[in-house]
Structure formats: C-alpha cells, structure tokens
Amino acid sequence: MALEKIVFKGIDIPGNTDLKVYEEHGGYEQWKKILKDKITPEEVIEIVKKSGLRGRGGAGFPTGLKWSFVPQNTKKEKYLLCNCDESEPGTFKDREIIEKSPHQLIEGMLIAAYAFQGGVSYIYFRGEFVKGWKICEAALAQAREAGYIGENILGSGWNHQVWTHRGAGAYICGEETALINSMEGKRGEPRIKPPFPAVEGFYKSPTIVNNVETLTAVPKILENGPEWYHQWGTERSTGTKLWSCCGHISNPGVYEVPMGYSMKKFFEEELGGVWKDRALKAVIPGGSSTPAMTPEEFFACKMDYESIAEHGSMLGSGGMIVMDDQTCLVEVAEVLAQFYHHESCGQCTPCREGTGWVHRIIQDIERGQAQPDVKNVLFTVFDEIFGNTICPLGDSIVMPIKSLMDKWPEEFDYYIKEGKSKITGKARRPKKKEMPDNWRREKPFNYPKTEDYYTDFSKTAHSN
Amino acid sequence: MAFELTKEKQELVKEVITHYPDPRSAILPAMHIVMDERGWVGDDGCQHVAELLEVPIIYVYEALSFYTYFPKHPVGKYHIQVCHNIACNLRGSEELIEHLVNKHGIIENALTDDGLFYFNRVECLGACGNAPVMQVNDEYYEDLTLEEVDKLIEGFKKSSGNGKNN
Chain X
11 MALEKIVFKG
21 IDIPGNTDLK
31 VYEEHGGYEQ
41 WKKILKDKIT
51 PEEVIEIVKK
61 SGLRGRGGAG
71 FPTGLKWSFV
81 PQNTKKEKYL
91 LCNCDESEPG
101 TFKDREIIEK
111 SPHQLIEGML
121 IAAYAFQGGV
131 SYIYFRGEFV
141 KGWKICEAAL
151 AQAREAGYIG
161 ENILGSGWNH
171 QVWTHRGAGA
181 YICGEETALI
191 NSMEGKRGEP
201 RIKPPFPAVE
211 GFYKSPTIVN
221 NVETLTAVPK
231 ILENGPEWYH
241 QWGTERSTGT
251 KLWSCCGHIS
261 NPGVYEVPMG
271 YSMKKFFEEE
281 LGGVWKDRAL
291 KAVIPGGSST
301 PAMTPEEFFA
311 CKMDYESIAE
321 HGSMLGSGGM
331 IVMDDQTCLV
341 EVAEVLAQFY
351 HHESCGQCTP
361 CREGTGWVHR
371 IIQDIERGQA
381 QPDVKNVLFT
391 VFDEIFGNTI
401 CPLGDSIVMP
411 IKSLMDKWPE
421 EFDYYIKEGK
431 SKITGKARRP
441 KKKEMPDNWR
451 REKPFNYPKT
461 EDYYTDFSKT
471 AHSN
Chain V
270 MAFELTKEKQ
280 ELVKEVITHY
290 PDPRSAILPA
300 MHIVMDERGW
310 VGDDGCQHVA
320 ELLEVPIIYV
330 YEALSFYTYF
340 PKHPVGKYHI
350 QVCHNIACNL
360 RGSEELIEHL
370 VNKHGIIENA
380 LTDDGLFYFN
390 RVECLGACGN
400 APVMQVNDEY
410 YEDLTLEEVD
420 KLIEGFKKSS
430 GNGKNN
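Which chain is which? The protein sequence lines are X and V, in order. One point on numbering: in the numbering used here, the residue at position 347 of the first sequence is 357, and numbering is uninterrupted. One point on numbering: in the numbering used here, the residue at position 57 of the second sequence is 326, and numbering is uninterrupted.
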C-alpha cells in the first residue's frame, strides 16, 4: 500500500468516532480558531475558493463559488444540507467517512454553514445506513455537549444547529433539488432550475447542498491553507479524491488518491490488478452513471476530471467498477437498465417511459427474442431521453449503456443474432411464451351492466 | 384496528417535529419511527403519522408510495434484502438469490409459512466493496458466501425457535 490517506486520514485512526480521539488529532481546532480569531465568512469562502475544491458528489462544481451564491441581504434562514444519500452503484466512500470519521464531517459542516451564514444544517442519510446514522447521532450528541454546536457557540454569539434526517431508499434523492423536496416530506422529484437552491431551496430559503466528501475536506484545507491543497493535482482539478473501487479486483475498497495520479499505476499497485489473474475487459470509472471505458482508454488516462473526460468518460463520484474478461456486457447493461427503470421518479415522460423501454428491450435480447434491428430502436430511444429531462437521471441510463453498445458492439450483435451470450454461451432468461394465433377474443365480450359497475365500485372501494 | 405508537415514541415524534420549519418535513422520520416499532408501515400507520403531525393524510400516503424503504405489509421477523445491482451482480449475487430460493425455500416477495422470513431484491446498498451484500432488518451482512448464508439462516431459525429476542 503505497498511498496513504491525507485529507481523510481520520478514516484510518482507530476510535476516531469518539470526540476525545478526534480532538487529540487536532479536531475542532479550525472551528475554534474561526470563532476565536473572528475570521470573517468572506475569508473562509476565499480560502476554499483558492484551494480549488470541487463538489465531490459527481458534478464537480467549485465549492467556494457555490457558497458565494447565497444572497446575504435576506432575512430568511439559510440552510446547509449535507448529502449522504449515497446510492450510486459502485460508490461507497461516504459510508466510510460517516462510520469512521464523523466529527471531521461535522466540523466541515459547521465551517461551511458559517461561511455563508447558515443557521441550521441537516445531514440527509440514505435510509439503509442505519449504522452510520447512529454513529453520527452519537457524534453530534458529543459535539453538542462540548459546546461546538448549539446556541452562543464557545461564547462567540454564533448559533448553529445540526440535525440528522433519514431518507428511505430513493436513489433520485441524491440529486440536490430532489433531496430538498424529500427533506420537505414530499416525493423526491427534482425541481426545475433556476431558481437554484442557493437562492431558493429548502422551504424557499437559500440552501446549499454539499456532498459528505466535500464538507469533510474543508477543515483540512483551512488547517493547512489552499497552497497545501494545490500541491496535488492539476490546475483545474486540485487536491485529492476518494475512490471507491469494486468489482473484479483483488483489493476492493476506498482509496484516497491525489488528482492526476496515473490510473495504470493505481490499478496495478493499489488495486492489485484484476482478480483470479484474468484480463481486464471494461471499467466504469465514476459510478454507474458514467460511460464505460476500454482497457486502452482506461490505462491511458490520469485520475482527474479533465483527463478522464478526454478519454471518453467522467470522474463522477469516483466509484470504479471493474469487469474482467468473463463478464457478459449485455447482462451488465440489463442490470443497469433495470436500476434506472426502478429509480426513475416518474416526473418526466422521456425518462419514465424510456427507461422502461430500454429495460424491456434488453430483457428481450436476453431471452433471445429481440427483433434484428433492435439496436437502432435502442439508439432512437437514447436520443429521445438524452437531454430531455429535468434532472440527469435520464442521461445516466443512456451514457453507460450506449457506451457499452458502441465499444463492444460484437457482444450485442451476437446475442441478438444467436439468442445466447457470447461469453456464457446461454440465454440468461427463459423465452416468453408465444401468443397463440387465436389470441384475439372470438366471441364478443359481455360488458357488465351499469348497475354492476356501481355495485362493484362500492365493493372495491379502498379499505384496509 | 387502529395502530398507535407507544407514548414515548409519540413524544419522540413531537420532538422531531421541532427540528424542522414545517411539520411536513417530519413525515419520513415519523415513518421511520413507526417502522422501528413494528417493522412495516401500513395504511393505519399512515393515518397515525398524519394525526401526530397534523398534516393531511394524502401527504403521508404520497411519501409512503414513493419511498421503497418502507414495507407496506408485514415482512416477518427477518426482512432479508439482497442487493442485485451491478457490483453485487459481478460478484455473484444471483447465485446467492438462487440459493436462498432453492435451498432454503425462501421465495421472493412472499412471507414464509412460519412467518419468519420475507425476502426481496433491492438496489445498491452502498457497500459495493464488500459485495455481495445482504441486509437483514437494520444489519448489513457483507462479503457473503453461500456457506455463510446457510449459517445465518440457521442462526435466525435457532434464535427464534428458542424464544429469544421475541
């Protein structure tokens, strides 16, 4: 293990969920310093801006810039929402932070909220993270007791409260406006932007939504200064990034890697290459919503936003999914399609219907019952979905599946033509029953009389 | 058969409401509390939440029908959820699901006859590094092999047979 954790060192410190251990390692020093030395919010924003920290949830928007969008000439309460609705397949970095280093996240939240003068913040957990939620609740209780959170914090006159909120199994709530809707107790449907949440978000108040990883990096940046953070990475992608690596590799796990690190070196030295001495076939580098890469593209790129984009994919949330040469990519496409079909919120027609079509068409391919020109149908559906939806979920089904079909067309062609997988040699799903020729009703259907309708309705009226 | 939370839990809900600018925000936390109490949230659970929060019941129904984490019917003593998404799929979650069905007779989306197990597939549980993963009630079980699943299921059967944890 050559790479050591830098910004997220806290993850590797045993017992770091306890306030005492965290304070021994310099915890809450930055928060105390800000309040004691009366560092102004503008200065904090300036430091974060200079550091070049970008949102680590997937979009990569500059964090300091986002904070500076919050209007200060309003009497409304301003909110900070910490996005821990980590549901992107292949991504599991935030879980590591909340379970092993919750205080660093809380300190980051306090500083961030102070920077744009927010009075209340919430951590939005995905419902399944019960363990992480309990750990964070305990950490919050400790911090409250120590006086880091609450009213008149450390005698400075600054009030701030942090609460937790649990989601309930909806992937779409990771989108910031959907998260806000979900926080308001509504269905997690994304909103049309503008107005951006920084101006009109949670209950129409200015709201900042930041990823766990982004906020956790803030205390360390303040501690060591923006120049320190600049020593890693490239001009536009600075600092370090947590990569969560899974799939067919020898050492799956969460790694902190400086931006611009060589992908090949990382893959061979840290991840230990492909498991069982097999060959590499495909990699999805940034969570399941990003396009897949061939081994050539993958080994040529560096680990930063721009380089990965140049090589035909996106950094996204840094959830790397590695597939070996015995993976059937049609099966992968089906699994992805079914995920996005299930998680589409149903608001925009292209996404609600399109994801279902894509899913059912790929299932037909897996039954060996697809029409010969089915690929063209799929590409047409992709064109109709892409860019025509409120949030990027529609794009997210298109990008990985289209890239698989573009880069490995022979596998799809073989499956469609032969009715079985090129890799496993068999169809994954049983054939659908053929409709009998006389499936149309021969006798006229006896419609119930009107009275029957009424009686039926009263019987089936909603009851439970 | 109206469902009601215990007095302490009702107090908890009342306390949670104060965290938010509007009681509507407390719908999800309140449903989590209902789920903690009896393992699922049904129509009567909705009714109770709406009464506690003093919001129209349609707000609560709306949320319940959207969020898949809350079961709408009883799910037995052990609610088994196996991730079948990409990372777990690559590491053999399909065999695991087949094993559950074929060896243990735990059929998908149905309560077993003894009322112990309810099993369904879920999307990514966010523990892809330790795939395949399964969630039983609130607990994650990671890096599973078929033998470990056997042991787990046996363990569950035993502990409920002895009358423990009841």
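Where is the CB? At the ideal position from N, CA and C, for every residue including glycine. No experiment lies behind these values; they were computed from the predicted model shown.
Here's the rule I'm using: 16 or more other beta-carbon atoms within 10 Å means buried, otherwise exposed. How should residue i be labelled?
i: Ser362 (chain V); result: buried
i: Asp314 (chain X); result: buried
i: Arg102 (chain X); result: According to the sequence as given, residue 102 (chain X) is Phe; it is not Arg. Phe102 (chain X) is buried by the Cβ-count criterion.
i: Phe71 (chain X); result: exposed
i: Ile376 (chain V); result: exposed
i: Thr342 (chain V); result: It is worth fixing the name first, because residue 342 (chain V) is His in this sequence and not Thr. The residue is exposed, with fewer than 16 neighbouring Cβ atoms inside 10 Å.
i: Thr275 (chain V); result: exposed
i: Lys372 (chain V); result: exposed
i: Asn434 (chain V); result: Here Asn434 (chain V) scores only 44 on pLDDT, less than 50, and its place in the model should not be relied on; the value that follows carries that caveat. That one is exposed.
i: Leu374 (chain V); result: According to the sequence displayed, residue 374 (chain V) carries Gly and not Leu. When all chains shown are included, Gly374 (chain V) counts as exposed.
i: Phe48 (chain X); result: One detail in the question is off: residue 48 (chain X) reads as Lys in this sequence, not Phe. Result: exposed.
i: Gln40 (chain X); result: buried
i: Ile190 (chain X); result: buried
i: Ser334 (chain V); result: exposed
i: Ala178 (chain X); result: buried
i: Asp95 (chain X); result: buried
i: Ala188 (chain X); result: buried
Which same chain residues, not among the five before or five after residue i, have their C-beta less than 7 Å away from its C-beta?
i: Pro410 (chain X); result: Ile294, Ser298, Ser299, Thr300, Pro301, Ala302 and Leu346
i: Cys1 (chain X); result: Within the shown structure, residues of chain X are numbered from 11 to 474, placing residue 1 (chain X) beyond reach of any answer.
i: Glu323 (chain V); result: Pro292
i: Ser260 (chain X); result: Leu281, Gly282, Gly283 and Trp285
i: Met269 (chain X); result: Trp242, Gly243, Thr244, Ser247, Thr248, Gly249, Thr250, Lys251, Met313 and Asp314
i: Leu421 (chain V); result: Tyr410
i: Gly263 (chain X); result: Cys255
i: Lys475 (chain X); result: The requested residue 475 (chain X) does not occur in the structure, where chain X is confined to residues 11 to 474.
Skipping 5 residues on each side, what residues in its chain have a beta carbon closer than 8 Å to that of residue i?
i: Asn162 (chain X); result: Trp168 and Asn169
i: Val384 (chain X); result: Ile371, Asp374, Ile375 and Ile426
i: Thr27 (chain X); result: Glu109, Lys110, Ser111, Pro112, His113, Ile145, Ala148 and Ala149
i: Pro440 (chain X); result: Arg377
Excluding the 5 residues preceding and the 5 following residue i in the sequence, name in chain order all residues of the same chain whose CB lies nearer than 6 Å to its CB.
i: Phe396 (chain X); result: Asp405 and Val408
i: Val130 (chain X); result: Tyr89 and Gln171
i: Ala153 (chain X); result: Ile116 and Ile159
i: His553 (chain X); result: The structure shown does not extend to residue 553 (chain X), since chain X spans only 11 to 474, so no value can be given for it.
i: Ser473 (chain X); result: Reliability of the predicted coordinates at Ser473 (chain X) is poor, the pLDDT of 48 falling under 50, and the value obtained from them is presented with this limitation in mind. Contacts found: none.
i: Thr365 (chain X); result: Tyr350, His351, Ser354 and Ile407
i: Ala292 (chain X); result: Ala302 and Met333
i: Lys417 (chain X); result: Thr304
On a Cα-Cα basis, can you pick out the residue from the options that is closest to residue i?
i: Ala156 (chain X); options: X:Glu186, X:Ile44, X:Cys256 and X:Glu33; result: X:Glu33
i: Gly235 (chain X); options: X:Arg105, X:Glu53 and X:Val284; result: X:Glu53
i: Glu186 (chain X); options: X:Trp238, X:Gly366 and X:Ile202; result: X:Ile202
i: Tyr181 (chain X); options: X:Ala227, X:Asn191 and X:Gly198; result: X:Gly198
i: Val58 (chain X); options: X:Ile121, X:Cys361, X:Glu14 and X:Pro81; result: X:Ile121
i: Ile55 (chain X); options: X:Ala69, X:Val80 and X:Arg66; result: X:Val80
i: Ala148 (chain X); options: X:Glu233, X:Glu194, X:Glu14 and X:Lys30; result: X:Lys30
i: Ala356 (chain V); options: V:Glu392, V:Tyr336 and V:Thr381; result: V:Glu392
i: Ile16 (chain X); options: X:Ala227, X:Ala69, X:Thr359 and X:Trp143; result: X:Ala227
i: Arg105 (chain X); options: X:Leu91, X:Leu232 and X:Phe135; result: X:Phe135
i: Gly100 (chain X); options: V:Phe335, V:Pro401, V:Ile286 and V:Leu321; result: V:Pro401
i: Lys60 (chain X); options: X:His240, X:Lys141 and X:Pro51; result: X:His240
i: Ile327 (chain V); options: X:Gly195, X:Gly118, X:Trp367 and X:Gln127; result: X:Gly195
Open item on the list: If the cut-off is 7 Å on Cβ atoms, which residues from the stretch 343-361 of chain X count as contacting chain V, listed in chain order?
Closed with: Within the stretch 343-361 of chain X, the residues whose Cβ lies closer than 7 Å to some Cβ of chain V are Val345, Leu346, Phe349, His352 and Glu353, listed in chain order.
Exercise for review: Would you list, in sequence order, the uninterrupted beta strand (DSSP E) runs of no fewer than 3 residues that lie entirely inside the stretch 103-159 of chain X?
Suggested key: Residue ranges of uninterrupted beta strand (DSSP E) with 3 or more members, entirely inside the stretch 103-159 of chain X and ordered along the chain, are 130-135.
Members of the stretch 317-332 of chain V near chain X, C-beta cut-off 9 Å | Here the close residues are Leu322, Val324, Tyr328, Val329, Glu331 and Ala332.
Every unbroken alpha helix (DSSP H) within the stretch 262-315 of chain X, with a cutoff of 4 residues, ordered by chain:
You should have 305-310.
Interface positions of the stretch 293-322 of chain X facing chain V (Cβ-Cβ less than 7 Å), listed along the chain
Those would be Ser298, in chain order.
**Request:** Determine which residues of the stretch 258-287 of chain X have a Cβ less than 9 Å from any Cβ of chain V, and write them out in chain order.
**Result:** Residues passing the 9 Å Cβ filter: His258, Pro262, Gly263 and Val264.
Closer than 9 Å between beta carbons: that is the criterion. Which residues of the stretch 112-132 of chain X meet it against chain V? Contacts with chain V (Cβ-Cβ distance below 9 Å) from the stretch 112-132 of chain X involve Val130 and Tyr132, listed in chain order.
* Asked: What are the start and end residues of each continuous beta strand (DSSP E) run of 3 or more residues lying completely inside the stretch 325-388 of chain V, in chain order?
  -> 347-352, all fully within the stretch 325-388 of chain V.
| Under 7 Å (Cβ pairs) to chain X, residues found in the stretch 368-393 of chain V | Taking 7 Å as the Cβ-Cβ cut-off, the stretch 368-393 of chain V approaches chain X at Glu392 and Cys393, given in chain order.
What are the residues in the stretch 197-213 of chain X lying within 9 Å of chain V by C-beta distance? The stretch 197-213 of chain X vs chain V, Cβ under 9 Å: Arg197, Gly198, Glu199, Phe212 and Tyr213.
Chain X contacts made by the stretch 408-419 of chain V, where a contact means CB separation under 9 Å
Along the stretch 408-419 of chain V, the positions whose C-beta sits under 9 Å from a C-beta of chain X are Glu408 and Tyr409, read in chain order.
inquiry  = By the 7 Å beta-carbon criterion, what residues does the stretch 344-363 of chain V contribute toward chain X?
reply    = Closer than 7 Å at the C-beta level to chain X, one finds these residues of the stretch 344-363 of chain V: Asn354, Ile355, Ala356, Asn358 and Leu359.
(request) Report the residue ranges of all alpha helix (DSSP H) runs contained in full by the stretch 36-113 of chain X; include only those spanning at least 4 residues, in chain order. (result) Taking only runs of at least 4 residues, the alpha helix (DSSP H) segments lying wholly in the stretch 36-113 of chain X are 39-46, 51-61, 73-78 and 103-110.
To test your reading of the DSSP string, which unbroken alpha helix (DSSP H) runs of 4 or more residues are found completely within the stretch 164-247 of chain X?
The stretch 164-247 of chain X contains these whole alpha helix (DSSP H) runs: 186-193, 222-234 and 236-240.
- Please list the segments of the alpha helix (DSSP H) lying wholly inside the stretch 398-426 of chain V, counting only runs of 4 or more residues, in order along the chain. Taking 4 residues as the shortest admissible run, the stretch 398-426 of chain V contains no complete alpha helix (DSSP H) segment at all.
- If you scan the stretch 311-346 of chain X from start to end, which runs of the beta strand (DSSP E) of 3 or more residues do you find wholly inside it? Within the stretch 311-346 of chain X, the runs of beta strand (DSSP E) that reach at least 3 residues and sit entirely inside it are, in chain order, 329-334.
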